[in-house]
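Student: Protein chains in written order, with my numbering: chain A, 2 to 946; chain B, 1048 to 1139; chain C, 234 to 444; chain D, 4 to 431.
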Amino acid sequence: MSLLPTPRRTRATDRADAERLPPRAGEVIDRRRTVGFRWNGTPYTGHPGDTIVSALAAAGERVFSRSYKYHRPRGLLTASYLDPGCVVQVGDEPNVRGAHRLLAEGMDVRSQNTWPSLRFDVRAVNGLASRFLATGFYYKTFIKPEVLWPAYEKVLRTFVHAGEVPPDSAPGVYDKRYAHPDVVVAGGGPAGMAAAVAAARSGATVMLVEEEHQLGGHLRWGGPAELARLAELRAQVAAEPAIEVLTDAVVGARFDDNGIPIVARGVPGIDERLVKARAGVLVVAPGLVERPYVFAGNDLPGVVLSTAVRRLVNLHAVRPGRRAVVLSANPEGDAAVGDLESAGVEVAEVVDARRGESVRAAHGRSGLRVVELGDGRRVEADLLVTAVGWTAPTSLLNQSGDRPVYEPRAARFVPDPTRMPENVLAAGGIVGDGDVDALVEHADAVGREAARRAGRSASAAVAVPALPVADHPELFSAGTGGFVDFSEDVSAKDITTAAAEGYDSVELVKRYTTATMGPAQGKLETVNTVAVLAAATGRTIAETGTTTWRPMWAPVTLGALAGRSHEPVRYSPMQPWHERHGAVPLIAGQWIRPEHYGDPAGEVTAVRTGVGIIDVTPLGKLDLRGPDVASLLDLLYVNRWSTLGVGKVRYGVMCAEDGVVMDDGVTGRLGEDHYLMSTTSSGAATVWEWVENWLQTAHPEWRVHVTPVTTAYASTNIAGPRSRELLGRLTDVDLDPERFGYMQVRTGRVAGVDGCVLWRIGFTGELSYEVHVPAGYGLHVWEQLMAAGADLGVRPFGVEAQRVLRLEKGHAIVGQDTDGLTQGFSAGLDGLIKLDKDDFVGLPELRWQRERDTAPRLVGLRPLDGMVVPPEASQILDRAGGIAGRVTSSRMSPTLGRSIGLAQLDRELAEVGTRVTIRLPDGRDVTAEVTSPVHVDPEGARLRV
Amino acid sequence: MMLLPCPWCGPRTATEFRFVGEARPRPDPATATPEQWRHYLYVHANPCGWSTETWYHRAGCRRYLSVERHTLTHEIRAVRDAATGTTAEAAP
Amino acid sequence: MSEQTAVARSPIAPAAPTVRHGWEVDATVTVGPLTLSDETPLAKVSVRAPFDGAARRALGVRYGRTGRVDLGGEGVLIAGAGPGEWLVLGAPGTGAALVASLEELLAGTGEFTSVLDLTHGRALVRLEGAAAPRVLAGVCAIDLADAVTPDGTALRTSVAAVVTDVVRDDRAGVRSYLLHGERSSGQYLADSLLEAGAGAGLEVTGFRGLG
Amino acid sequence: MTSTNGDGHRPGRRRGYSAWSLLRHGLGREEWPRAWYERELRGSYDAVIIGGGVHGLATAYYLARDHGVRDVAVLDRAYIGSGGSGRNTAILRSNYLTPEGVRFYDRSVKLYEHLAADLNFNVMFSQRGHLTLAHNDASLRTMHWRTEVNKLQGVDSEVIGPDRISELVPYLDTSGEARYPILGALYHPPGGIVRHDAVVWGYARGADAHGVHIHQQTEVTGIDVERGRVTGVQTNRGRIATPVVLNATAGWAGLVSDMAGVSLPIQTSPLQAAVTEPVRPFLDTVVVSGTLHVYVSQTDRGELVFGASVDPFASYSMRGSLEFAEGIAGHVLELMPALHRIRLLRQWAGLCDMTPDYSPIMGPTPVEGFYVDVGWGTYGFKAGPVSGEAMAACLAHGKPPEIISAFGLDRFGDGRLVGEKGAAAVGH
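Written as C-alpha cells, this is what we have:
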C-alpha cells in the first residue's frame, strides 16, 4: 500500500486553499480577501499576494505545463520568475511567468502547448520514441525526398511550445521615460537594500530595482531573525527620499556608458514601463540563483528546489507535498527541512550530500512517486527537494566587460574584480558568502563607494571589505541522465552525444542542442550544461568556459520597448484648406501633402490653359548670408554662380564627390550678400548638413551664415498663362515682364502680407511665380489667391499634376530619373556642368565621365502606340534581349494626348530617333522612339511671355 | 548607445549625432589621379582600435566634431570642434 | 488690388480660436498646475556671430544660458541656443523692431554677424508646472535635475524625435520650459507632449506671452 | 594548383544521415560518428582559408569536391560559425536589383535548394516566400524595378497589392490608416529562411569528409608576402607555409587584408538582431520593410527573428544597444500592432564589412596568391554556397569565374561600381 494519499478528484472550488497552511510569519497573502480566476476554464480562487501558481498549488494542482519537445508534464521547480514549468497564457498575453505574476480578479489562465488538454496531451512522447527525438535529429532526417520537407515542416510547427497572440489582441498601455540616477542597484535583497541606503546617505540619487514584488530577497522566507532584519532594512530604505524603489522590475542589461534599461511592471494603469536610465554607477546585486540537479527524472512534477519550497511555505503558506525527500548540500537545504516539518510535511529522508549521500533517480508518471537514493534504496515520496548549489547570475557583469572565473572550491563563478569597469560594482551573494551582517557590511561599503564614484561624495576611495566565498561541494549531475535544460527539453545525454559528434565547445553545444537558449536565458541551465560538457570532454569547468550572457536579463514586451510612437509628421500652413477641399494625402517622408484633389488630369489642363496653384512649402529653403556665399555656391554646384546678379535666380545641381547627382533647386540672390537657396523636399536636411560640412570642415575661413528657413515661408507656385493676371491682383510688386523677367526674384507685399519673396521660374513649363510668404500667413494668402482667381478658374493642383507637368517639360527628378550611381552627365546636365571651373564637388569624376563618354543617358521616350503607358521601372531591352535601360518616368500627357516618358538608356541607344523595345510587366514588348526629354514647348516660349 | 562628449553640449547619446566617417584629406581635384581620388572616395583605414573621425551633432550644437574614438571599446579620448578646434575645456 | 486683413496662424490648432496681436491664438484659460501653452506668436529672432567675441559680450549671454534684457524698450529673452547662435524672443509683432535693434547693437562689434526674423519659421510652446520635468522625461533624454540644468539653461536636443531648443525659464518659482522648434512639426510636438503628460494631468491653456 | 592529400585520409562520404540511420542509433547504443575531426595542424598546405564561416567552409568543400584540391586548411580564431554565419537572421532570397546581383544570388538559392541532399545534412531551407513592403511611391517604384530585372533573369518576383499581402500575412496592418501605409510589396516566393548553423556544420562535415582540415581556435596573426606573393600565414599555433590564402573573414576582413598589405574599401559596422520568446506560428512569410529598417520571420520553434540595418557608424563592438531594441520593437508594431505582448528574449550583433556599393569584393588582389571573398555587408549568408563555388573555382584556376567577374576589387579604382544599395540596404 502506498504511503501517499490518493488525489481526490473534486470540483476546483471545493479545493481552494486545500493545501493552504495556517498563517505564517512572513506570508505575503491577504487571507481576508479572495481573488477569482479560471484555470483551463475551471473557476478557482486565491488571495491577493498569491502568484497564479501559488494559488493553483494551494488548490492542490501540481502540473502546469507540458514540455517543449516531449510534452512531458511539468510542475513547479523554482517558484520564481525563472520557473520553466510554470509558463502560462493569461488572456491575450502569452508566456506569462505563472510563478511570478500576481493573481488578479477574473484572470483567464490557460496552459500552453497542450492538446487536447493539459492532463491528456496526445503529443506526449513516451520513453522509447524520445530516443528518436534526440539532439540533432532534425539535421539528420527529412533530407530526402526534398519535396516532402515543406510538409514535414508544417507538422513540426504545430509542436511549438508557446502561447498565442490573437490578431485582434487588445491594445496595451506602455510608457517610457528617461532617468539619470547617480546609482542603479540591480537587486533588492539585503545587499542591494544596504548598498542603496549607503549610497543615498552619501548624497546619491538611487534607483533600487527588484524583480520580485517585495524588497528583501531571501530574508523574506527566513526565520524570525531574518524577518526582523528585513523590517529594519526596509525601514531604512523607506527613510531615504533619494531612493526610488521599483519592484516587479528588472535591470534588463548594461550597455555602453551605463545605459541601463529598467523594465517595470505593476505601475498602476500601465502594462509595462521602460525606464531608460543613464546611471553614474551600476551596483550589481542579484543574489544567487539556485541550481537544479541533473539526474534521471529530475523534471517530474514534485521535484523542486529548496528555495522554491521555502518560498511556497513561508511566502504563500502552501504545503508543497505530503511526503518529502530532501537532498541537501548547504544550509538552505537544511532550512528547507525545517520549513517542511513546520508545514506538516513528512520528511521521509534527508540525503546529505556533504556526507557523500546522493540521489540517483526520481520515478513517477504524471508526478513523483518514488525517489531512488544513491545507496539503492527506494523511498516513496511526492516531493523531492534539492539543494545542490548556486549559479551566480553574472549577466550584467559580463555585459560590463567582466569575465567571471570559475571557483571550484565554491562550485560557482565569481566576478574578476580586476576586469570591472570603474562605473560598475557588485555586492551580495554574487561576490561572496557570509551571514546577513557580513553581506550588509560589504554592501554598505559598496554603496558608499558607488556614491563617491558617481561624484556625489568627495571622500577618499572606500575600503570595501572582502567577502570570502564559502566552500561548497561540486554537485552538478548524478550521471544517471535527466534534463539539463527544462525549457528546451535538453537532456544530459544530448549534451554528451553532441560533444561526441564534434560539437564539443560550449558555443557549439549550445547551438546544436539549444541548451540555454530558452526563456530563462541560461540562468538555470548554463552551469549544468558546462559541467556536463566538461565531464564529457574530460576538461575542467574553467577550461570549458561559459556562453555569452546576452541582453535582456528578463524578456521585455515589444510594447514596452516601443513605448509611445515618435514618428514626426510635418504639415504646411495650408493643410487645413487641403483637408477641407478633398485633397488625397501623399506621405512624402515626414511631410503629408496633397497628391491631387480628385482630378489630376484636369489639374494639368488648368495649368496649361488657365492658372493653377500648388502648395510647395516642403521645398527645402536655406537662407545664406555673408560675403563668401558665391564661393560656397561655386564649390557645391556643378554650374557657375559668381556671375549671378542681385535680383536673379538660377537653377543648380549638386553632385557628391563621386560625381553622383545629389540634389537640385533654384537659388536666388536677394541682396549683395544674401541668397535664398531651394532644395528638393526630401533633400532639405541632407543639403543643409552638406553645406555646413563644407563650411565647417573645409572652409572655416569663409564668412557664411546658413539658416534653414524651409517652413519660415509658406510656398505657393502660381502657374499657367493667367498666373500673372492672378498674382497682379494681390501684390504691389511690378509684374511687367520687361521689369520682372524669367528667372528673376523680387520681394514685396502679397495679399497684405509684407516680406514675401517672389521667384519667376518654370518647373511646370508655364509662366509661373513661386511666392514665398511668412508661414503664419500661408493659409491667408492661399485663400486670397483662390478667392481672387475665382473668375479666372483658378484650381489647386497636387503633386501628381506637377509630376505630369514637369515630365511634359522634361525636368528630371533626382532620385527617380537618377539613382545612387547616376553621375552628372547621365542626368541630362551636359549644358550645366562647368568642367572649366577650378574646383567644385565631384569635378574629377565628372571630368572622367565626360572623357569616357560611355555612361547611360537620360532620354525622352515615346511609345509608338501613344495609348500605351509603360509602367515606370519597365525595362528597355537591347537587341540581344539584355537590359539596356529602364523607364524612369511615364505618364499619359493630357497636353499631348499621348504617353510620354523619360528613361535611363545605354549610350549606344540614346540617340534621338532610335527605336527601342520596352518589356512591359505583363510580358508584352512595345516599341518606343527615343526623343529629347522635353516633350512640350521645347523652345521655352511659354515661360518667357 | 555610447555617450559622445560634445565639447559644446556635454555628453549626449550618440543617436543625437551623425557619423560622417574617418577624417580623410581631400586630394587636389586639379591634379588627382583616378587612383588617388578613388582611394579618397572609397578606401577606409577601418582600424579595430583608435580612429579619428568626424561626427556631426545634428540634434544639438550642429557643429562638425573631430573625435578620437576606439572602435572596439567605444572609449572616446578627444573631441574638438572641427572648425574652431574648441575642446570642452575651452568652450564657454 | 484686393485684400483682407491678414491673420497669422500658428501650426498648432487652437481649441478656442480668437485673434490677438494679429495672431490667431487659443482663448482657453486653465488654472491647473500643469499646462501647455502655444507661444508661437512671440517674435523670434535668430542672431549669428562668433561664439566668444564682442557680439557675445554685447548680447550678454553665452551658449547654454539665458538672459532677460531690455532691447529698444522691449523686454526680451535671449537664449544662447548654440555656439555662436542666439534666439531672441519678444512680444508678438515686434520681430522687425527687434531685428533693427539687434543689428544696431551688433553693428559696433566689427564682427561678421547676421540677424534673421524667424517668427514664422518656428513653433514655440511653454510647458509649465512642478511636474513639467516628469512630462519632459518621457520624451527627452536630458537630465532635468536642478544641479544639471538649473533655471536659465538653454540647450538643444531631441524631444520626441524632433530637434528642439529647450529653454528653462521658471516663472514665479514654478518650473517652466520653453520648447522651440521647426514650425511644420509644431502640432506633432504639442501632441507628443500632451500624450506624454496625459498621466500627469497636463492641460492646454491659452497664449501667455513672455511676462 | 595541384591536388594532394597528404595525410592518407580517404576522402569521400562517410556514413550518412537518414531516417534509417536515426532508427538504428535510436534503438541501439551505437554512437554517431564525429561530424568533423580535430586534425593535426601541419606546417604547410596547398591553400589556407582564413575564416571558418559558411564562405570559408563552402570554398573548402567545393575546392576539395569539385577541383580535387584537398590539402586545404580552414582556420578560425574561435569556433566554426562564430562570426556572421551564426549571427545573421538566416534569410535567403535572390530578388536583387542589378542583373549581376540577381544572377549571382539566384545561383545561391538554387544551390541552397539542394544543399540538404548534397551535404546529407538537413539545413531546413524553408521557401516560405519573402515580402518586401513598400510604404511610399519611391519604394514601390524600386520594387517594380527589382521585379522587372528579376523576371528578365528568370527569378520569380512580382509586385502585389495590399489585399494579397493581407492574405499572406493577416497580422499586417494593411488598412492604409497606418503612419507608414502598406501600398504594395515585392513578393518573392523562392525566398525563405534556413537553419544557419546547419549550413555551417553541413559544409564543415562535407569538407572534412573530403580531406579538408578544419582548425578552430587558430588565429592568424600575420601573412607572409615575399616579392609580391604570398608564402604563408602566421598563427597563434605557429607558421603555415602556403602559396594561396583566401581572406573570408567578413567583419574582420580589413584587418586580415592589412596583414597582406592590401587596402580595402570596407567599413566595419555592427548589425544587430534579436529574437523573441516563442509564440504559436502565425507568420509564414519573411516580411521586410526598408523604410522602417526591419525584417521579421518566424522560425519553426515559434520565435520571431528580427533584424535591422547596420549601426550607423564604424565599430567592431558586438555589445549591441538599447536603441536598436527600441527601434525594432517600434517598427514591428507599426507593421503588426497585435504583437505588443510578445517579449523580446535576446539580442546580439555581428560585424558587417560594408562596401560603398553594397556589392561584395571577390577575387584576386595585387598580392599574388592572396584572394579576397569579402565586403559581405548584410547579405553574406545568402551568398554562402555560390561564393564557395565561385571562390573555389577562382582559387583552383587563379582567376575569377564569370559569375563574379563584376565583383573584383579593381572596380573601385576603375569607377565601375555595382549599385546594389537600393536592394541591399535593408533588403533582408
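C-beta atoms are modelled at their ideal positions from N, C-alpha and C, and glycine is treated no differently.
Note that this is a predicted model, so its numbers are computed, not measured.
Grouping DSSP H, G and I as helix and E and B as strand, with all else coil, what is B/Phe1066?
Tutor: strand
Student: Is the separation between the beta-carbon of A/Trp150 and that of A/Phe160 shorter than 8 angstroms?
Tutor: no
Student: Out of D/Arg182, D/Ala81, D/Ile345, D/Tyr99, state which residue places its alpha-carbon closest to the alpha-carbon of A/Gln90.
Tutor: D/Ile345
Student: Say whether chain A places a C-beta atom closer than 8 angstroms to the C-beta of B/Trp1084.
Tutor: yes
Student: Any C-beta of chain A sitting closer than 8 angstroms to the C-beta of C/Met234?
Tutor: Residue confidence for C/Met234 is low, a pLDDT of 42 falling below 50, so the modelled location carries little weight; the figure read from the coordinates is stated next. Judged by the 8 angstroms Cβ criterion, C/Met234 is in contact with chain A.
Student: Touching or not, the region 606 to 626 of chain A and the region 704 to 722 of chain A, by the rule of three or more beta carbon pairs under 8 angstroms?
Tutor: yes
Student: Within 10 Å of its beta-carbon, does B/Gly1132 have 16 or more other beta-carbons around it, so buried, or fewer, so exposed?
Tutor: exposed
Student: I need the straight-line Cα distance from A/Ala363 to A/His219, nearest angstrom please.
Tutor: 28 angstroms
Student: Can you tell me whether A/Met868 is buried or exposed? The criterion is at least 16 other CB atoms within 10 Å of its CB, across all chains shown.
Tutor: By the neighbour-count rule (16 or more Cβ atoms within 10 Å), A/Met868 is not buried but exposed.
Student: Determine, using beta carbons only, whether B/Leu1050 comes closer than 8 angstroms to chain D.
Tutor: no
Student: Would you check if the region 382 to 398 of chain C and the region 296 to 303 of chain C touch, i.e. whether three or more CB-CB distances between them fall below 8 angstroms?
Tutor: yes
Student: Between D/Val370 and D/Val233, how many whole angstroms is the CB-CB distance? I'm expecting something under 8 angstroms.
Tutor: 6 angstroms
Student: Taking B/Pro1081 as the query, report the chain A residues whose CB atoms sit under 8 angstroms from its CB, ordered along the chain.
Tutor: Pro845, Trp849
Student: Given that a residue counts as buried once 16 or more other Cβ atoms are within 10 Å of its Cβ, and exposed if not, what is A/Lys141?
Tutor: Looking at its Cβ environment, which holds 16 or more other Cβ atoms inside 10 Å, A/Lys141 is buried.
Student: Using a Cβ cut-off of 8 angstroms (strictly closer), state whether D/Pro192 contacts chain A.
Tutor: At least 8 angstroms separates the CB of D/Pro192 from every CB of chain A.
Student: Can you tell me which residues form a DSSP beta bridge with A/Arg626?
Tutor: A/His675, A/His706
Student: Mapping DSSP to helix, strand and coil, what is C/Ser418?
Tutor: Reduced to three states, the DSSP call for C/Ser418 is helix.
Student: Closer than 8 angstroms, CB to CB, is D/Glu222 near chain B or not?
Tutor: no
Student: So the candidates are A/Phe487, A/Thr687, A/Asn424, A/Arg848; which of them puts its Cα closest to the Cα of A/Asp258?
Tutor: A/Asn424
Student: Mind listing the chain B neighbours of A/Gly260? Cutoff is C-beta to C-beta under 7 angstroms, in chain order.
Tutor: Under the 7 angstroms cutoff, chain B gives Met1048.
Student: Using 8 angstroms as the Cβ pair cut-off and three pairs as the minimum, do the region 390 to 397 of chain A and the region 523 to 537 of chain A touch?
Tutor: yes
Student: Does the Cβ-Cβ distance between A/Tyr294 and A/Thr392 come in under 8 angstroms?
Tutor: Taking 8 angstroms as the Cβ cut-off, A/Tyr294 and A/Thr392 do not qualify as a contacting pair.
Student: Who are the Cβ neighbours of D/Arg96 in its own chain at under 6 angstroms, not counting the five residues just before and after it?
Tutor: His133, His191, Gly194
Student: Note down the Cα distance separating A/Met194 from A/Ala243, rounded to an integer number of angstroms.
Tutor: 13 angstroms
Student: Would you check if there are 3 or more beta carbon pairs closer than 8 angstroms linking the region 481 to 488 of chain A to the region 528 to 535 of chain A?
Tutor: yes
Student: Can you tell me where the alpha helix (DSSP H) holding A/His567 begins and where it ends?
Tutor: DSSP places A/His567 outside any alpha helix (DSSP H), giving it a letter other than H or E.
Student: In the region 297 to 318 of chain D, which residues sit with their C-beta less than 8 angstroms from some C-beta in chain B, listed in chain order?
Tutor: Pro315, Phe316, Ala317, Ser318
Student: Locate the beta strand (DSSP E) running through C/Lys183, then write down its first and last residues.
Tutor: Past the boundaries of the shown model lies residue 183 of chain C; chain C is included only from 234 to 444, so the question cannot be answered.
Student: Under three-state DSSP, which class holds A/His579?
Tutor: helix
Student: Answer yes or no: do D/Val105 and D/Leu118 have a C-beta to C-beta separation smaller than 8 angstroms?
Tutor: no
Student: By the 8 angstroms beta-carbon criterion, what residues does the region 1083 to 1112 of chain B contribute toward chain C?
Tutor: Arg1105, Ala1106, Gly1107, Cys1108, Arg1109, Arg1110
Student: What three-state label does DSSP hand B/Ser1113 in the structure shown?
Tutor: strand
Student: In the DSSP output, what is B/Pro1058 paired with across the bridge?
Tutor: Looking at the DSSP output, B/Pro1058 sits in a beta bridge with B/Pro1052.
Student: A/Val210 and A/Leu247 look like a contact to me (Cβ under 8 angstroms); what is the Cβ gap, rounded to whole Å?
Tutor: 5 angstroms
Student: To the nearest angstrom, how far is the alpha carbon of D/Gly387 from that of D/Asp121?
Tutor: Taking the straight line joining both Cα atoms gives about 14 angstroms.
Student: Pick from C/Gly286, C/Glu361, C/Ser279: whose alpha carbon is nearest that of C/Gly323?
Tutor: C/Ser279
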